[in-house]
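Novice: The structure is given below, and queries will be raised subsequently.
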Amino acid sequence: MRFSARTSLLLAALAAALPATVAVAQPYGGYYGGYYGGGYHASTAGESYARGESDMMRSQGVKNLLNSEAAINMGQARSQNLDNQIQATNTYWEKKKIYEQNTAQKRYEENQHRQKVRQRNMLTSLTSEDLDPTTGAIKWPMVLADDSFSEYRDPLAKLFEKQAQEGALAGPDYLEAKKLIKEFRMAVTADKENYPQQAVSPSLRFLLKLDRELDANLS
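Numbers -25 to -1, 1 to 194, taken from mature numbering (1 follows the signal peptide of the UniProt record, and there is no 0), label the letters of the sequence shown in order.
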């Protein structure tokens, strides 16, 4: 069994403090009681009792020291375990705090991005350059001016000229204009791979603005 340095010192001190048993040695080579003295032996019952008491005290002392050492080690183990638990708890809450901060920051950045997208895509009214309120002439964006979309563009141009002259479109003309705008947007979307993306999105928004102009003239 291995002892700590402190325990070893205490054992040595205990052994030194215990009273030594008085030994009665026979003269070497002398004759006493019918035999030669060849070594130590208890000469009386009292001496035997004293030796037994001494051994018992020494054993009890060793036991007490070992129990003390075990108790100290157990206490240190409990203390270390408690420290580990506290450290683990602190680490958990620190990680949770960092996660929540990162999550909040991420939500903030996402909201900012969505607001920018909404503002970028927000519909504004057509300018007088886009749609002349007097003549109804439309300045078509590059994509919408393509010859492939003339079947939607040309009848729409005539309807908006009529709206400028009359102030508003009657029921059938209004519904026809709404239908043409919807089909125009679908055709552009279906053919968007043939045009730059930065040109397609503004063209689709332009058609939405035309649609809103139709509704604005009804009010």
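For every residue, glycine included, the Cβ atom is placed at its ideal position computed from N, Cα and C.
A quick note: this is a predicted structure, and the numbers were derived from the prediction, not measured.
If the criterion is Cβ atoms closer than 7 Å, does the pair residue 134 and residue 152 meet it?
Specialist: Result yes, Cβ atoms of residue 134 and residue 152 sit closer than 7 Å.
Novice: In whole angstroms, what separates the C-alpha of residue 127 from that of residue 75?
Specialist: 53 Å
Novice: Under DSSP, the alpha helix (DSSP H) around residue 200 begins and ends at which residues?
Specialist: Here the chain covers residues -25 to 194 and nothing more, so residue 200 does not appear.
Novice: Kindly indicate which residue of 66, 32, 137, 49 has the alpha-carbon position closest to the one of residue 107.
Specialist: Among 66, 32, 137, 49, the Cα nearest to that of residue 107 belongs to 137.
Novice: CA-CA distance, residue 131 and residue 72?
Specialist: 59 Å
Novice: If I follow the unbroken alpha helix (DSSP H) through residue 131, where does it start and stop?
Specialist: 125 to 141
Novice: Put residue 106 into one of helix, strand or coil per three-state DSSP.
Specialist: strand
Novice: Please confirm whether residue 30 has its beta-carbon closer than 7 Å to some beta-carbon of chain C.
Specialist: Included in the structure is just one protein chain, with no chain C present.
Novice: Going by CA-CA distance only, name the one from 116, 48, 155 that's closest to residue 171.
Specialist: 116
Novice: Taking the beta carbon of residue 185 as the centre, do at least 16 other beta carbons fall within 10 Å, making it buried, or is it exposed?
Specialist: buried
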